[in-house]
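Positions -3 to 312 (this note's numbering) are the ones given, in order, by the sequence shown.
Here's the structure we're looking at; comments come further down.
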Amino acid sequence: MGIKGVDLLVSFTCNSHCMHCSYNCGIRRKGIMDASDGRCYIHALCKQHDIEWLSVIGGEPLMVPDLTNELIRCAKENGIPHRGVITNGFWGREAKGAQKILKDLKDVGMNQITFSVDAFHQEHIPFSHVRNAIMASTDIGFDKVWVDGYYLKYEDSSNRFDKQTKALLNELRGTEGIDINTYRLRMCGRAVGLQDHFDDKSVPHGICTPPFWMGGGFDNPSTIEIDHRGNVTLCPGISIGNAKEDEITAIVQTYDVCEHPILSIINEEGPIGLAKLADNFDLSRGFVDHCHLCYELRKHLRPLYPRYLTPADVYQ
Ligand code: SF4
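In structure tokens:
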């Protein structure tokens, strides 16, 4: 398996508790990646693979700027060409403070940054803060400044979340130096609490489309995520190994979708295939999409497959 990217999912207390978060991140999550673990993962992977990018995500990576700086620095030292963070921009309240944070990141080698802007993040983070942070980022000379926004359904939907997200993103459109990407949220983790906004539920059949960040199918993923407990995941809550128990390179090299008791089924039959493992699972209630069905089935199956359906926080 060749991987092009590593997402280091740095799990820890976040300053927000976004209702769409498929990782269930937020103020109740504890723990933080040990810097030496992060350095080891990067170093080991880079020795054996051409890693093209490293992205530090969260929680919110800039709540621990020293750790984030350390991981970015390590990525640069190990020759990873694209190095960035995904942030909610909470740190943009004051322009001077934002500039200092960005300068430190640039000095250690960060060359791209992604901001989250949508109704879900702006429930917790004032838009003025993230806008200041975006503006400061365009001034500092990164290779890329992205803005990612999530819609509950789609841009022109009339629900209050999508109307707000569209309005927020429209305020940023035309800003020189930024690219805006939009996605439909995945109905996993805390996002399942939003299911009542959907009338048209069903039982989705067929295979799913893996998350865009995975960069391939489940049989040939090009990106992995590693959290502070060592969990190596593809989709949130679906683990392919633990880097605190096994060498990260061995996990990557020995991964075979056919050997994974959950992903082998999803890959061949779609999430509906998991239903055959799940006694007493009620399919008749209907589901918003493939991911919703997948998440509910995995939550039901988790006691039987705790090693593969982890971290537990995703399912709580
Ligand atoms: S259906 Fe499941 S495995 Fe497929 S993309 Fe959604 S969460 Fe991931």
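We put the beta carbon where it would ideally sit given N, CA and C, even for glycine.
Cβ shell of R156 (< 8 Å), same chain only, five flanking positions each side left out = Here the question's residue 156 lines up with position 160 in the sequence shown. Answer for R156: A115, listed in chain order.
Three-pair Cβ contact test at 8 Å for the region 255 to 267 versus the region 61 to 77 = As far as the Cβ criterion goes, the region 255 to 267 does not touch the region 61 to 77, which means the pair count is below three.
So, helix, strand or coil for Y146, using DSSP?
-> For this step, residue 146 is matched to residue 150 along the sequence shown. DSSP, read as helix, strand or coil, puts Y146 in strand.
Please name the residue in H125, Y251, R225, D252 whose C-alpha comes closest to that of E241.
-> Numbered from its first residue, the sequence shown carries residue 241 at position 245. Of the listed residues, the one whose Cα sits closest to E241 is R225.
Classify D196 as buried or exposed, calling it buried when 16 or more other Cβ atoms lie within 10 Å of its own Cβ.
-> Taking the first residue of the sequence shown as 1, we reach residue 196 at position 200. With fewer than 16 other Cβ atoms inside 10 Å of its own Cβ, D196 counts as exposed.
Any non-hydrogen atom of ligand 1 within 6 Å of H286 CB | In the sequence shown, the residue the question calls residue 286 occupies position 290. Closer than 6 Å to some heavy atom of ligand 1: that describes the Cβ of H286.
Where does V6 sit, in a helix, a strand or coil, going by DSSP?
-> Against the sequence shown, residue 6 aligns to sequence position 10. In this structure, DSSP gives V6 a state outside helix and strand, which the three-state scheme calls coil.
Rounded to the nearest angstrom, how far is the Cβ of I222 from that of V81, given a contact under 8 Å?
-> In the sequence shown, counting from the first residue as 1, residue 222 sits at position 226. In the sequence shown, counting from the first residue as 1, residue 81 sits at position 85. Wrong, their Cβ atoms sit about 15 Å apart, outside the cutoff.
Nearest-angstrom beta carbon gap, H125 and I88 [assumed within contact, 8 Å] | Taking the first residue of the sequence shown as position 1, residue 88 is located at position 92. Taking the first residue of the sequence shown as position 1, residue 125 is located at position 129. The amino acid occupying residue 88 in the given sequence is Gly; Ile does not appear at that position. With a Cβ gap of about 4 Å, G88 and H125 count as contacting.
Sorry if obvious, but does the Cβ on P206 come closer than 6 Å to a heavy atom of ligand 1?
-> Taking the first residue of the sequence shown as position 1, residue 206 is located at position 210. At a threshold of 6 Å, P206 counts as near ligand 1, since its beta carbon sits closer than that to one of the ligand's heavy atoms.
Look up S18 in the DSSP assignment and say whether it is helix, strand or coil.
-> Here residue 18 is taken as the residue at index 22 of the sequence shown, counted from 1. Coil.
Can you tell which of T64, D100, A187, T178 has its C-alpha closest to the C-alpha of A132?
-> Looking up residue 132 in the sequence shown gives position 136. Checked all of T64, D100, A187, T178; the closest Cα to A132 is D100.
Under the assumption that V199 contacts I268 (Cβ atoms under 8 Å), give the Cβ distance between them as a whole number of angstroms.
-> As a working note, residue 199 is residue 203 in the sequence shown. As a working note, residue 268 is residue 272 in the sequence shown. At roughly 7 Å, the Cβ-Cβ gap stays under 8 Å, so V199 and I268 are in contact.
Complete beta strand (DSSP E) runs within the region 40 to 102 (minimum length 3 residues, chain order) | As far as the region 40 to 102 is concerned, its whole beta strand (DSSP E) runs of at least 3 residues are 49 to 52, 78 to 83.
Less than 8 Å between the CB atoms is what I'm expecting for D192 and V253, so what's the real figure, rounded?
-> The count along the sequence shown starts at 1 and reaches residue 192 at position 196. The count along the sequence shown starts at 1 and reaches residue 253 at position 257. Contact between D192 and V253 is ruled out by a C-beta separation of about 34 Å, above the 8 Å threshold.
Would DSSP call K140 helix, strand or coil?
-> The residue given as residue 140 occupies position 144 in the sequence shown. Residue state for K140 is assigned as strand, using DSSP reduced to three classes.
Residues near L63 in its chain [Cβ-Cβ closer than 6 Å; skip 5 each side] | As a working note, residue 63 is residue 67 in the sequence shown. Only A31 meet the Cβ criterion.
Burial state of H201 (16 or more Cβ within 10 Å) = Along the sequence shown, read from residue 1 onward, the residue named residue 201 stands at position 205. The residue in question, H201, is exposed, as its Cβ has fewer than 16 Cβ neighbours within 10 Å.
Residues bridged to E221 (per DSSP) | Translated into the one-based positions of the sequence shown, residue 221 becomes position 225. Beta-bridge annotation (DSSP): E221 is paired with D3, T229.
Does the beta-carbon of S154 have 16 or more other beta-carbons within 10 angstroms, so that it is buried, or is it exposed?
-> Taking the sequence shown and counting its residues from 1, the one referred to as residue 154 is at position 158. With fewer than 16 other Cβ atoms within 10 Å, it is exposed.
Relative to ligand 1, is the shortest distance from any of its heavy atoms to the C-beta of I268 smaller than 6 Å?
-> In the sequence shown, the residue the question calls residue 268 occupies position 272. No - ligand 1 has no heavy atom lying nearer than 6 Å to the Cβ of I268.
Is C290 near ligand 1, going by C-beta to nearest heavy atom under 6 Å?
-> Position 294 of the sequence shown, counted from the start, is the residue given in the question as residue 290. Yes, ligand 1 has a heavy atom inside 6 Å of this Cβ.
Sorted by chain position, which residues of the same chain lie with C-beta nearer than 8 Å to L164's C-beta, five sequence neighbours on each side aside?
-> Within the sequence shown, numbered from 1, the residue matching residue 164 stands at position 168. Closer than 8 Å at Cβ, skipping near neighbours: V113, D114, A115, Q118, F123, G145.
Cβ-heavy atom distance, C17 to ligand 1, below 6 Å | Translated into the one-based positions of the sequence shown, residue 17 becomes position 21. No, the beta carbon of C17 sits no closer than 6 Å to any heavy atom of ligand 1.
Pick from P77, H16, G27: whose alpha carbon is nearest that of L50?
-> Walking along the sequence shown from the start, residue 50 turns up at place 54. Considering only alpha carbons, the answer is P77.
Which residues does DSSP pair with I176 in a beta bridge?
-> For the purposes of this step, residue 176 is taken as residue 180 along the sequence shown, with counting starting at 1. BP columns for I176 point to V143.
Expressed to the nearest angstrom, what Euclidean distance is found between the alpha-carbon atoms of C231 and I97?
-> Position 235 of the sequence shown, counting from 1, holds the residue named residue 231. Position 101 of the sequence shown, counting from 1, holds the residue named residue 97. In a straight line, the C-alpha of C231 is about 30 Å away from that of I97.
Mapping DSSP to helix, strand and coil, what is Q108?
-> Taking the sequence shown and counting its residues from 1, one reaches residue 108 at position 112. It is a strand residue.
Hey, could you find the ends of the beta strand (DSSP E) S280 is sitting in?
-> As a first step, residue 280 is located in the sequence shown; it is residue number 284 there, counting from the start. First-last for S280: undefined, no H or E at that position.
Would D294 pass as a contact of L305 if the rule is Cβ separation under 7 Å?
-> Stepping through the sequence shown from its first residue, residue 294 is reached at position 298. Stepping through the sequence shown from its first residue, residue 305 is reached at position 309. The sequence shown places Arg at residue 294, not Asp. Cβ distance < 7 Å, so R294 and L305 count as in contact.
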